[in-house]
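Asks:
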Amino acid sequence: MRRIALITESSARPDTAMPAHLFYQGKMSRWINTVIQYMETRSFPTEDIFFLSFYKNRIIPYQEVIEPYPKQKNHPRASDANVFAKEILAHVHSMGEAVFVEIHAGRTLADPLRQLLDENNISYRLYADGVPLGTKPTYYEMLISDELEQRRFKEVQREKWNISSLISELSPSEASKIINTYGSSAQLYGVEPNVEELKKLLGGLRQKKKDEDKAYRDFEYAMKEEDPKGELQHFLQYQETLSDLHKNKQFELYKNKYGKSIAKFTCYLIKKGYVRLIENRISEALFRTQIALIK
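If you read the sequence shown in this note's numbering, its first letter stands for residue 4, the second for the next number, and so on.
What follows is the structure, encoded as C-alpha cells:
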C-alpha cells in the first residue's frame with residue numbers, strides 16, 4: 004500500500020524562495036526539522052511527502068519551490084480547518100489508489116482530517132498525538148533513534164545471512180574465509196565463540212597436516228631404500244585408510260617383506276586419519292556457526 008506523509012507548515016519561515024523541505028526548516032522550527040529528518044532517515048519517497056499550509060489551503064509537494072507568504076496572525080478557526088481537511092481528503096482520493104496517511108500536524112487540523120479519513124475507511128496514523136508542542140522534537144528524535152536501531156538490526160541480519168551463505172561444503176577453506184572476513188566483527192553477529200573455536204581448530208589442522216606431510220616424507224624415504232623396483236608402491240597406491248590396508252589379503256606378505264616401509268606407511272595413515280578427524284570437527288563447528296547465525 005502506498006504511504007503518504009502530510010506535514011504541517013512551520014510558522015518560522017525564511018524571507019527567500021526555496022524548495023518546501025528547506026523552506027520549512029530552520030533554527031526556530033525544531034519540530035518540523037525533526038519530522039523532515041525522520042522522513043529522510045526512513046528514505047521516505049519525496050514524491051509522497053506534502054506540506055500543509057493554511058495560507059490559501061495549499062498542499063505543497065516536498066520539492067516545490069515556495070515564495071515567502073504572510074504569517075497567520077490568529078490560530079486557524081475550526082471552520083477553516085474543516086474546509087481544509089475536506090480539500091486534503093480530495094487530494095488523497097485523487098491519487099486513485101489505496102493509501103496509508105501519516106499525519107504530522109497539530110490537533111486543529113488533525114482532528115477534522117481524522118474524522119474524514121475514518122468516514123472514508125482510509126488508514127492513517129497521527130504522530131505525536133497528545134504530545135505537547137515543546138516536546139514533539141524529542142518524540143521524533145526517539146522515532147529516529149528507533150528507526151536507526153531497526154535499520155542496524157536489519158543490516159546485521161542481512162550480513163548474518165551472507166555469512167551463512169558462505170557455508171555450503173563445511174570445509175576448512177570456508178572456515179578460513181569466515182575468520183579472515185568476519186573475525187574482527189564476530190561479536191556483532193553473535194558468533195564470536197564459534198569463530199574462536201574455528202581459529203583453534205584451523206590452528207590444530209595446520210599442525211596435523213604438517214605431521215601428516217612429515218610422516219609421508221619418512222615413508223617415501225624408507226620405501227626408496229627397501230623397494231627400489233616399486234613393488235610396494237604399486238601395492239600401497241590403493242590403500243587410503245588403515246581399514247583398506249588391513250583387510251587386504253596381501254598385507255601380511257608385504258609387511259614381512261617391507262617391514263620398515265609398512266611401519267612408516269601405517270604411521271602416515273594414522274596422521275592422515277587425525278587430519279580427517281579435525282576436518283570433521285571443523286565441519287561440525289561450521290554447522291553450529293550456521294545455527295548461531297539464525298538466532
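No residue lacks a Cβ here, since even glycine has one placed at the ideal position from N, Cα and C. Source: prediction; values computed, not measured.
1) Alpha carbon to alpha carbon, how far is residue 114 from residue 107? Give it in angstroms, no decimals.
2) According to the Cβ coordinates, are residue 102 and residue 125 closer than 8 Å?
3) By how many angstroms is the C-alpha of residue 283 removed from the C-alpha of residue 248?
4) Taking buried to mean at least 16 other C-beta atoms within 10 Å of its own C-beta, is residue 31 buried or exposed?
5) Which residues does DSSP pair with residue 107 in a beta bridge?
6) Return the chain-ordered list of same chain residues with a C-beta closer than 8 Å to the C-beta of residue 75, the five sequence neighbours on each side being excluded.
7) Is the segment 152-168 touching the segment 177-197, taking contact as three or more C-beta pairs under 8 Å?
8) Entirely within the segment 199-263 and at least 4 residues each: give me those alpha helix (DSSP H) ranges in chain order.
9) Hey, out of 241, 135 and 226, whose CA is closest to residue 266's CA?
10) Enumerate in chain order the residues of its own chain whose CB-to-CB distance from residue 131 is below 6 Å, with the five nearest sequence positions on each side excluded.
11) Identify, in the order they occur along the chain, each residue of the same chain with its Cβ nearer than 6 Å to the Cβ of residue 146, setting aside the five sequence neighbours on each side.
12) Return the CA-CA distance between residue 277 and residue 211, expressed in angstroms with no decimal places.
13) From residue 37 to residue 121, what distance separates their C-alpha atoms?
14) For the putative contact between residue 163 and residue 296, defined by C-beta atoms under 8 Å, what is the C-beta separation to the nearest angstrom?
15) Return yes when the Cβ of residue 281 is within less than 8 Å of the Cβ of residue 208, no when it is not.
16) Between which residues of its own chain and residue 9 is the CB-CB distance below 6 Å, once the five residues before and five after are set aside?
17) What's the gap between the Cα of residue 88 and the Cα of residue 94?
18) Is the Cβ-Cβ distance between residue 90 and residue 60 less than 8 Å?
19) Of all the options 240, 285, 7 and 69, which has the alpha carbon lying nearest to the alpha carbon of residue 198?
20) Where does residue 42 fall in DSSP's three states?
21) By the three-class DSSP mapping on this structure, what secondary structure does residue 98 have?
22) Taking the continuous beta strand (DSSP E) assigned at residue 26, which residues delimit it?
23) What distance in whole Å lies between the Cβ atoms of residue 70 and residue 23, which are believed to be in contact at a cut-off of 8 Å?
24) Rounded to the nearest angstrom, what separates residue 176 and residue 214 at their Cα positions?
25) Thinking just about the alpha-carbon of each residue, which of 92, 287 and 109 is nearest to the one in residue 2?
26) Among 221, 294, 96 and 154, whose alpha-carbon lies nearest the alpha-carbon of residue 123?
27) Please report the distance separating the alpha-carbon of residue 222 from that of residue 271.
Replies: Result, derived from the coordinates:
1) Reading the sequence shown from its first residue, position 104 is the one you call residue 107. Reading the sequence shown from its first residue, position 111 is the one you call residue 114. Taking the straight line joining both Cα atoms gives about 12 Å.
2) Counting from one through the sequence shown, the residue named residue 102 turns up at place 99. Counting from one through the sequence shown, the residue named residue 125 turns up at place 122. Annotated as proximal: residue 102 and residue 125, with beta-carbon spacing under 8 Å.
3) As a position in the sequence shown, residue 248 is number 245, starting the count at 1. As a position in the sequence shown, residue 283 is number 280, starting the count at 1. Distance between the alpha carbons of residue 248 and residue 283 is about 22 Å.
4) Counting from 1 along the sequence shown, the entry for residue 31 is found at position 28. That one is exposed.
5) Residue numbering aside, residue 107 sits at position 104 when the sequence shown is read from its first letter. As a beta-bridge residue in DSSP terms, residue 107 pairs with 10.
6) As a position in the sequence shown, residue 75 is number 72, starting the count at 1. Leaving aside the five residues that flank residue 75 on each side, the residues in its chain whose CB is nearer than 8 Å to its CB run, in chain order, 14, 57 and 58.
7) These segments touch.
8) Note on the segment 199-263: whole alpha helix (DSSP H) runs with a minimum of 4 residues are 234-239, 245-250 and 254-260, in chain order.
9) If you number the sequence shown from 1, residue 266 lands on position 263. Of the candidates 241, 135 and 226, 226 places its Cα closest to the Cα of residue 266.
10) Looking up residue 131 in the sequence shown gives position 128. Here the set comprises 139 and 142.
11) Counted from its first residue, the sequence shown places residue 146 at position 143. Closer than 6 Å at Cβ, skipping near neighbours: 41.
12) Reading the sequence shown from its first residue, position 274 is the one you call residue 277. Reading the sequence shown from its first residue, position 208 is the one you call residue 211. Each residue's alpha carbon lies about 7 Å from the other.
13) Working through the sequence shown from its first residue, we reach residue 37 at position 34. Working through the sequence shown from its first residue, we reach residue 121 at position 118. Each residue's CA atom was taken as its position, placing residue 37 and residue 121 some 27 Å apart.
14) The count along the sequence shown starts at 1 and reaches residue 163 at position 160. The count along the sequence shown starts at 1 and reaches residue 296 at position 293. Contact between residue 163 and residue 296 is confirmed by a C-beta separation of about 4 Å, below the 8 Å threshold.
15) One-based indexing of the sequence shown puts residue 208 at position 205. One-based indexing of the sequence shown puts residue 281 at position 278. In this structure, the beta-carbon distance from residue 208 to residue 281 falls below 8 Å.
16) Counting from one through the sequence shown, the residue named residue 9 turns up at place 6. Counting only Cβ-Cβ distances below 6 Å, and skipping sequence neighbours, we find 53, 55 and 106.
17) Position 85 of the sequence shown, counted from the first residue, corresponds to residue 88. Position 91 of the sequence shown, counted from the first residue, corresponds to residue 94. Taking the straight line from one Cα to the other gives about 10 Å.
18) Counted from its first residue, the sequence shown places residue 90 at position 87. Counted from its first residue, the sequence shown places residue 60 at position 57. Cβ atoms of residue 90 and residue 60: closer than 8 Å.
19) As a working note, residue 198 is residue 195 in the sequence shown. For residue 198, the closest C-alpha among the options 240, 285, 7 and 69 is that of 285.
20) By one-based count along the sequence shown, residue 42 stands at place 39. Reduced to three states, the DSSP call for residue 42 is helix.
21) Working through the sequence shown from its first residue, we reach residue 98 at position 95. In this structure, residue 98 counts as coil in the three-state DSSP scheme.
22) Within the sequence shown, residue 26 is the residue found at index 23, counting from 1. Premise fails: residue 26 lies in the alpha helix (DSSP H), 23-26, not in any beta strand (DSSP E).
23) Here residue 23 is taken as the residue at index 20 of the sequence shown, counted from 1. Here residue 70 is taken as the residue at index 67 of the sequence shown, counted from 1. Not quite, the Cβ-Cβ distance comes to about 11 Å (not below 8 Å), so this is no contact.
24) Stepping through the sequence shown from its first residue, residue 176 is reached at position 173. Stepping through the sequence shown from its first residue, residue 214 is reached at position 211. CA-to-CA, the gap between residue 176 and residue 214 works out to about 19 Å.
25) Outside the shown range of the chain (4 to 298) lies residue 2, about which nothing can therefore be said.
26) Taking the first residue of the sequence shown as position 1, residue 123 is located at position 120. With distances taken between CA atoms, residue 123 lies nearest to 96 out of 221, 294, 96 and 154.
27) Within the sequence shown, the letter at position 219 stands for residue 222. Within the sequence shown, the letter at position 268 stands for residue 271. Computed Cα separation, rounded: 7 Å.
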